[in-house]
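Q: As you go down the protein sequences, you meet chains G and W in turn.
Each residue of the first sequence is one higher than the last, beginning at 136 in this note's numbering.
Each residue of the second sequence is one higher than the last, beginning at 802 in this note's numbering.
Quick reminder that beta carbons are idealized off the backbone N, C-alpha and C, glycines included.
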Amino acid sequence: MNDKTNGQASQASETITITIDGKEIQTEPGRNLVQVANENGFFIPSLCYFPEIEPPLGTCRVCTCKIDGVAGPACTETVRDGMVIEAETDELIDARKAIVEMMFAEGNHVCPGCEKSGNCDLQHMAYELGLQHKRFPNVFKNRLVDFNPKRMIMEHNRCIKCLRCVKEVFTDDGKAVFSFRYRGNDTRVGIDYEQEALLTSEQAVRAMELCPTGAIIVRGEHAKPFGDRRFDMQSMQKSAPAADPEIVLPKEKKTVATVSLAGCFGCHMSLLDIDLKLLDLVNVVEFNKSPINDIKKFTKHCDIGLIEGGCCNDENVETLREFRKHCDVLVAFGECAVWGGVPSMRNTIPLGECLEEAYLNAMTTVDDEFEVPYHEDLPKILDKVYACSDIVDIDYYIPGCPPDADHIWRSVLSLISGQQMPVPYSEFKYD
Amino acid sequence: MNNKSITAPGQSPDLILERTDLIAYLWNVQKEHGHIRFKDIEAAAKALDISTIDVEGVISFYHFFSRYPTGEFTVYLNASIVSEHKGFERVKEAFESATGGQFGSVDPSGQFGLFETACIGLSDMEPAALINFHPFTNLNSLKVKQIVAKLKQGADPADICDEIPDHVRHTPEEDKVILMRDYDHGKSVAKLAAIQPDDVIEEIKKSGLRGQGGAFFPAGLKWQFCAAEEGEPKYIVCNADEGEPGTFKDRVLLNSRPGLLLEGMIVAAYAVGAKEGYIYLRAEYRWLLHKLEDEIKRFRKMGLLGRDAGGIKGFHFDIHIKLGAGAYVCGEETALLNSMEGKRGEPRNKRFFPTQRGYLQKPTVINNVETFCAAARIIELGADHYLTTGTETSPGTKLISVSGDCRHPGVYEIEWGTTVREVLDMAQADRPHFIQVSGPSGQCISIEEADRALALDDLPCGGSFMIFSRQRDILGILRNYTSFFKHESCGLCTPCRAGNFIIEKKLDLFAAKLGHRDDIEDVKSWGKMMQMTCRCGLGKTAPNALLTAQEKFPEYFETLVDQNPDRLSKRFSLKDAVREYDRFSS
Chain G
136 MNDKTNGQAS QASETITITI DGKEIQTEPG RNLVQVANEN GFFIPSLCYF
186 PEIEPPLGTC RVCTCKIDGV AGPACTETVR DGMVIEAETD ELIDARKAIV
236 EMMFAEGNHV CPGCEKSGNC DLQHMAYELG LQHKRFPNVF KNRLVDFNPK
286 RMIMEHNRCI KCLRCVKEVF TDDGKAVFSF RYRGNDTRVG IDYEQEALLT
336 SEQAVRAMEL CPTGAIIVRG EHAKPFGDRR FDMQSMQKSA PAADPEIVLP
386 KEKKTVATVS LAGCFGCHMS LLDIDLKLLD LVNVVEFNKS PINDIKKFTK
436 HCDIGLIEGG CCNDENVETL REFRKHCDVL VAFGECAVWG GVPSMRNTIP
486 LGECLEEAYL NAMTTVDDEF EVPYHEDLPK ILDKVYACSD IVDIDYYIPG
536 CPPDADHIWR SVLSLISGQQ MPVPYSEFKY D
Chain W
802 MNNKSITAPG QSPDLILERT DLIAYLWNVQ KEHGHIRFKD IEAAAKALDI
852 STIDVEGVIS FYHFFSRYPT GEFTVYLNAS IVSEHKGFER VKEAFESATG
902 GQFGSVDPSG QFGLFETACI GLSDMEPAAL INFHPFTNLN SLKVKQIVAK
952 LKQGADPADI CDEIPDHVRH TPEEDKVILM RDYDHGKSVA KLAAIQPDDV
1002 IEEIKKSGLR GQGGAFFPAG LKWQFCAAEE GEPKYIVCNA DEGEPGTFKD
1052 RVLLNSRPGL LLEGMIVAAY AVGAKEGYIY LRAEYRWLLH KLEDEIKRFR
1102 KMGLLGRDAG GIKGFHFDIH IKLGAGAYVC GEETALLNSM EGKRGEPRNK
1152 RFFPTQRGYL QKPTVINNVE TFCAAARIIE LGADHYLTTG TETSPGTKLI
1202 SVSGDCRHPG VYEIEWGTTV REVLDMAQAD RPHFIQVSGP SGQCISIEEA
1252 DRALALDDLP CGGSFMIFSR QRDILGILRN YTSFFKHESC GLCTPCRAGN
1302 FIIEKKLDLF AAKLGHRDDI EDVKSWGKMM QMTCRCGLGK TAPNALLTAQ
1352 EKFPEYFETL VDQNPDRLSK RFSLKDAVRE YDRFSS
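(1) Looking at the unbroken beta strand (DSSP E) that takes in residue 855 (chain W), where does it start and where does it end?
(2) Considering only the alpha carbon of each residue, which of G:466, G:352, G:347 and G:477 lies closest to residue 447 (chain G)?
(3) Please state whether DSSP places residue 814 (chain W) in a helix, a strand or coil.
(4) Can you tell me which of G:419, G:426 and G:514 puts its alpha carbon nearest to the alpha carbon of residue 407 (chain G)?
(5) Taking the DSSP output, what are the residues bridged to residue 1036 (chain W)?
(6) What does a CB cutoff of less than 8 angstroms around residue 1093 (chain W) pick up in its chain, not counting 5 residues either side in sequence?
(7) Leaving out the 5 sequence neighbours to the left and right, which residues in its chain are closer than 6 angstroms to residue 1341 (chain W) when beta-carbon positions are compared?
(8) Who are the near neighbours of residue 1286 (chain W) in its chain, counting only those whose CB is closer than 6 angstroms to its CB and skipping five residues on each side?
(9) Counting C-beta neighbours from all protein chains within 10 Å, is the total for residue 1180 (chain W) 16 or more, i.e. buried, or is it exposed?
(10) Per DSSP, residue 1369 (chain W) is paired with what?
(11) DSSP has residue 1123 (chain W) in a bridge; who is on the other side?
(12) I want to verify the contact list: residues of chain W whose CB lies under 9 angstroms from the CB of residue 195 (chain G), in sequence order.
(13) Going by DSSP in three states, residue 560 (chain G) sits in which element: helix, strand or coil?
(14) Does the segment 217 to 230 of chain G come close enough to the segment 323 to 341 of chain G that 3 or more CB-CB pairs lie under 8 angstroms?
(15) I'd like to check one pair, residue 1252 (chain W) with residue 1219 (chain W): are the Cβ atoms closer than 9 angstroms?
(16) Specify the secondary structure class of residue 443 (chain G) as computed by DSSP and reduced to three states.
(17) Using only the alpha-carbon positions, how far apart do residue 339 (chain G) and residue 839 (chain W) sit?
(18) Establish whether the CB of residue 479 (chain G) and some CB of chain W are separated by less than 9 angstroms.
(19) Along the segment 232 to 252 of chain G, where does the CB come closer than 9 angstroms to a CB of chain W? Name the residues.
(20) Using a Cβ-Cβ cutoff of less than 6 angstroms, which residues in the same chain neighbour residue 519 (chain G) once the five nearest sequence positions on both sides are dropped?
(21) Have a look at G:516, G:504, G:475 and G:469 and flag the residue whose alpha-carbon is nearest the alpha-carbon of residue 546 (chain G).
(22) My guess is that residue 984 (chain W) and residue 1061 (chain W) are in contact by the Cβ rule of under 8 angstroms, so how many angstroms apart are they, rounded?
(23) Output the residue ranges of the beta strand (DSSP E) runs that lie fully inside the segment 418 to 497 of chain G and measure 3 residues or longer, sorted by chain position.
(24) Checking contacts by CB at 9 angstroms: is residue 1287 (chain W) closer than that to chain G?
(25) So, at 7 angstroms on beta carbons, what are the nonlocal neighbours of residue 1284 (chain W) in its own chain, with the 5 sequence-adjacent residues on each side left out?
(26) Please classify residue 1036 (chain W) as buried or exposed, where buried requires at least 16 neighbouring CB atoms within 10 angstroms.
(27) How about residue 1273 (chain W) and residue 1235 (chain W): do their beta carbons lie closer than 9 angstroms?
(28) If the cut-off is 8 angstroms on Cβ atoms, which residues from the segment 1356 to 1384 of chain W count as contacting chain G, listed in chain order?
(29) Quick one: grab the DSSP three-state call for residue 1363 (chain W).
(30) Using the C-alpha atoms, what's the distance from residue 452 (chain G) back to residue 514 (chain G)?
(31) For the segment 851 to 866 of chain W, which residues have a beta carbon sitting closer than 7 angstroms to at least one beta carbon of chain G?
(32) Starting from residue 999 (chain W), trace the alpha helix (DSSP H) both ways and give me its first and last residue.
(33) For residue 556 (chain G), which residues in the same chain have their Cβ closer than 8 angstroms to its Cβ, ignoring the five residues on either side in sequence?
(34) Can you look up residue 192 (chain G) in the DSSP assignment and give me helix, strand or coil?
(35) Taking only beta-carbon positions, decide if residue 1300 (chain W) is within less than 9 angstroms of chain G.
(36) Tell me where the beta strand (DSSP E) around residue 926 (chain W) begins and ends.
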């Protein structure tokens, strides 16, 4: 399996014709299908695919297309004359989205707290696919964060098992540094401490760059600031973003309620960041129960409920259920509401241990003087932090930590007017 | 193997090892010490000049290799659905109470290791277990008690294990028996001297023989592809890793007609010009290993294997056995090849056929036991005779392994075209309701479809035929399958690794009566997504049973779910969620 089939044409003079979604494309034989498609304005997402790795890995399945009628990954295909490819059908796009959602559900991907955020291929593909939430429940497994290697930190919660590091990172003696271990749902990447210590700094950094997520972090390599990162501003999809539609606002004002549950109020702050548009907003909506106007109780049935934060205690649950009863449409806005977010990082640790660590075994605790707070006036803490969709049906999701003000504005406007407002790539973020 | 002795470190200070011998080496260590120690890993890594993590990766892939002691007596109790229906739970409890141990671990004295395992190919005698890889069948509480008592008194499992009958329940009328007719050594090989390799391929092509493992690829075409390849050497590989739950017909062939298999491989080798052949025997059939080895020795003595095999000048061919180590996915041909090479049994990308790049990247013919046996018979009897059996589109006969709720579980040699009802009648099925054809990766049919014919153009069957009566819980069957696939997924591709796990969670909700109406549609669309996107046959077929069950028994699935009118998820129980916190109330 040593053919050099990637990128370069094998015989530059020859031209072949392939058909992607009905469009005929002239290209050279032997090139990789993902590359040819993407150069020609089609978007075939890919994650495990890395042009330097030959043969391609074909593990993540995100690039699944229909090739001459048969479903299969594009990354392991080289173009042949007469090849007919389906690339952007609804079925395929949905399947790809599902696979990326599976990766998020399977690991603990907390973008706001990840060093690789903004430079992460997984996050980038999710942006490109417009992934607002996962159709699958989060697993919240407590996987190892391994600080034993000399240069690296292995964050197994973030690994998507793409195989890149296993196939590409070797010592100068040609020995593998990584290998898959176990199988099935327990599969994880094992790291050989002895061999890892033999890597040069450059080789270690390359391993980190090779990793499509934040699973391999090299000590001392700091995260880059917003704006300097690879996936902050520009989508790789060639199609120009759709223009904003003419917005026709309804004559009657819509009623909106908002609440912050297990969140930090950051999403509400971001909501206020729409600045002057606030004046437009009050022309088209009327706020009911909300911290913005300090109305504590629902006084009427509402059209839209905006929920910030997930549920970490029984009061959150009660409030959320009340919102479901009083609102036609519920929108989870912000990472915490969408899937649990930063507070759900405790989900991998039993509640008892969390509380004992915080109140009984902390460094500042004096023996016998402290207890875990428990009182009938206090909300009861839940065994874990739940996403809003675990408790009630949620109609729409706005990701972000916090969501960009403009993103919120566009989403709310879409709901009020019934016209879809496109959200630009630079505003659709998880951090 | 390859004239090199494979020894555990305790036995020989100089470890000679090739990567292809790694699994055999690990087996030796596992057998000698009951587990694989880090120093064994270091020794292997040093001998092969690879990193220890590479070896660890291989060990952790296989179910029967362990880094921790597995006890003096290691019990692997089959957890397949047939076993479950025949009393798995009671047998499990009996083992636990008799040994004082708990499943999933070794008892405190270190004497008994108790583990569950996937189907061990004894579905006609469930519940069944392997103790130190010797078979014990038709288990019940009393029998378990007696077995454990004997072992405690120092009995060797090899001496007290059960004799395994073949249970051949049916063969077609006299002349039409193909596989199960009497076997005399050398009949097929004797025919080779008079014909050219190309003629062998033509004869197989003429017979219409297809791969009998379940994929049904035309065997003659496969051989032709391999023969046309220029790469040398070429290999013949027999897939004796029949892991599909409910299948045991290859066991019967290996046990009753090992020579027929060897002859089939010799025929194939002659046809494509191969010099070496391997039988990849699943570890669950380790108790058949000696029989096979003896048969190979006998063949060598008879001149049917070795230099000028079968007396044909210049045709040198020999066969070796490689033992698997517990991985269903290794029944997938490219995963099997990786396993033979001493690697994790992960399926390869489908860029090349094994006939192009197979074992060690060389042209390889890989067929299963039954296919080689049938090929030997075709050469022995002639394609014309073979074509007198079966139907026009599916010529020949097929071995099916019948198990589940019936009076006569066992192996049936049927002509293709036999109806489901005929099989059910022969087996004296008990109120059949749900029939799983070709195992969990196949499809289920309802009794209403009993007049369908087992044939390629109607209902293809790879071998497993499980009958479930009206009293069996369909959801229970499907959960058993999903759990099986979750454990057996190699973990390489996302939709299979995560998909089976996620679907299992969903079925758990159904079982807990917490399913919503939407969940039925979810399972359907997630299953279809897996069929489309998974990397290998295992993943692609894992949701088959679930999807076909939904299609065949829609009204049953409706009973599993509720509407959700107030849009509050009943899955969330506030009472349960605050239980942990409430223990701080005092």
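A: Inspection of the coordinates gives the following:
(1) Numbered from 1 along the second sequence, position 54 holds the residue referred to as residue 855 (chain W). Element bounds for residue 855 (chain W): not the beta strand (DSSP E) but the alpha helix (DSSP H), 853 to 862.
(2) As a first step, residue 447 (chain G) must be located in the first sequence, where it is residue number 312. Answer by Cα proximity: G:477.
(3) The residue labelled residue 814 (chain W) in the question sits at position 13 within the second sequence. Summary for residue 814 (chain W): the model assigns pLDDT 45, below 50, so the residue's position carries little reliability, and this model does not support an answer.
(4) On the first sequence, residue 407 (chain G) is found 272 positions in, with the first residue counted as 1. For the residues G:419, G:426 and G:514, the minimum Cα distance to residue 407 (chain G) belongs to G:426.
(5) Position 235 of the second sequence, counting from 1, holds the residue named residue 1036 (chain W). In DSSP, residue 1036 (chain W) forms a bridge with W:1077 and W:1165.
(6) Mapped onto the second sequence, residue 1093 (chain W) falls at position 292. The residues are 1055, 1059, 1080, 1082 and 1122.
(7) Along the second sequence, read from residue 1 onward, the residue named residue 1341 (chain W) stands at position 540. Hits under 6 angstroms: 1332 and 1335.
(8) Here residue 1286 (chain W) refers to the residue found at position 485 when the second sequence is read from its first residue. These residues qualify, in order along the chain: 1301 and 1343.
(9) As a working mapping, residue 1180 (chain W) is identified with position 379 in the second sequence. By the neighbour-count rule (16 or more Cβ atoms within 10 Å), residue 1180 (chain W) is buried.
(10) Here residue 1369 (chain W) refers to the residue found at position 568 of the second sequence. BP columns for residue 1369 (chain W) point to G:527.
(11) Within the second sequence, numbered from 1, the residue matching residue 1123 (chain W) stands at position 322. W:1081.
(12) Position 60 of the first sequence, counting from 1, holds the residue named residue 195 (chain G). What residue 195 (chain G) touches in chain W: 1294 and 1295.
(13) Looking up residue 560 (chain G) in the first sequence gives position 425. Correct three-state label for residue 560 (chain G): helix.
(14) no
(15) As a first step, residue 1219 (chain W) must be located in the second sequence, where it is residue number 418. As a first step, residue 1252 (chain W) must be located in the second sequence, where it is residue number 451. No.
(16) The count along the first sequence starts at 1 and reaches residue 443 (chain G) at position 308. In the structure shown, residue 443 (chain G) sits in a strand (DSSP, three-state: E or B).
(17) Counted from its first residue, the first sequence places residue 339 (chain G) at position 204. Counted from its first residue, the second sequence places residue 839 (chain W) at position 38. Roughly 26 angstroms separates the two Cα atoms.
(18) As a position in the first sequence, residue 479 (chain G) is number 344, starting the count at 1. Cβ-Cβ to chain W under 9 angstroms: no for residue 479 (chain G).
(19) 233, 234, 235, 237, 238, 240 and 241
(20) By one-based count along the first sequence, residue 519 (chain G) stands at place 384. Closer than 6 angstroms at Cβ, skipping near neighbours: 482.
(21) Here residue 546 (chain G) is taken as the residue at index 411 of the first sequence, counted from 1. That would be G:469, whose Cα lies nearest to the Cα of residue 546 (chain G).
(22) Numbered from its first residue, the second sequence carries residue 984 (chain W) at position 183. Numbered from its first residue, the second sequence carries residue 1061 (chain W) at position 260. Contact holds; Cβ gap of about 5 angstroms.
(23) 420 to 422, 437 to 443, 446 to 448 and 462 to 468
(24) Residue numbering aside, residue 1287 (chain W) sits at position 486 when the second sequence is read from its first letter. By this cut-off, residue 1287 (chain W) is an interface position.
(25) What you label residue 1284 (chain W) is simply residue 483 of the second sequence in a count that begins at 1. So the qualifying residues of the chain are 1305.
(26) Counting from 1 along the second sequence, the entry for residue 1036 (chain W) is found at position 235. Buried: at least 16 other Cβ atoms inside 10 Å.
(27) Along the second sequence, one-based indexing puts residue 1273 (chain W) at 472. Along the second sequence, one-based indexing puts residue 1235 (chain W) at 434. It is a contact, given that the beta carbons lie within the stated cut-off.
(28) 1365, 1367, 1368, 1369, 1370, 1372, 1373, 1375, 1377, 1378, 1379, 1380, 1381, 1382, 1383 and 1384
(29) Within the second sequence, the letter at position 562 stands for residue 1363 (chain W). It is a strand residue.
(30) Numbered from its first residue, the first sequence carries residue 514 (chain G) at position 379. Numbered from its first residue, the first sequence carries residue 452 (chain G) at position 317. Roughly 10 angstroms separates the two Cα atoms.
(31) 851, 852, 853, 854, 855, 857, 858, 861 and 862
(32) Taking the second sequence and counting its residues from 1, the one referred to as residue 999 (chain W) is at position 198. Looking at the DSSP string, the run of the alpha helix (DSSP H) that includes residue 999 (chain W) is 998 to 1008.
(33) Taking the first sequence and counting its residues from 1, one reaches residue 556 (chain G) at position 421. Answer for residue 556 (chain G): 379, 380, 382, 545, 546, 548 and 549, listed in chain order.
(34) For the purposes of this step, residue 192 (chain G) is taken as the residue at position 57 of the first sequence. Coil, per DSSP.
(35) Translated into positions along the second sequence, residue 1300 (chain W) becomes position 499. True, the Cβ-Cβ gap to chain G drops below 9 angstroms.
(36) Translated into positions along the second sequence, residue 926 (chain W) becomes position 125. Note, residue 926 (chain W): premise wrong, no beta strand (DSSP E); not H, not E.
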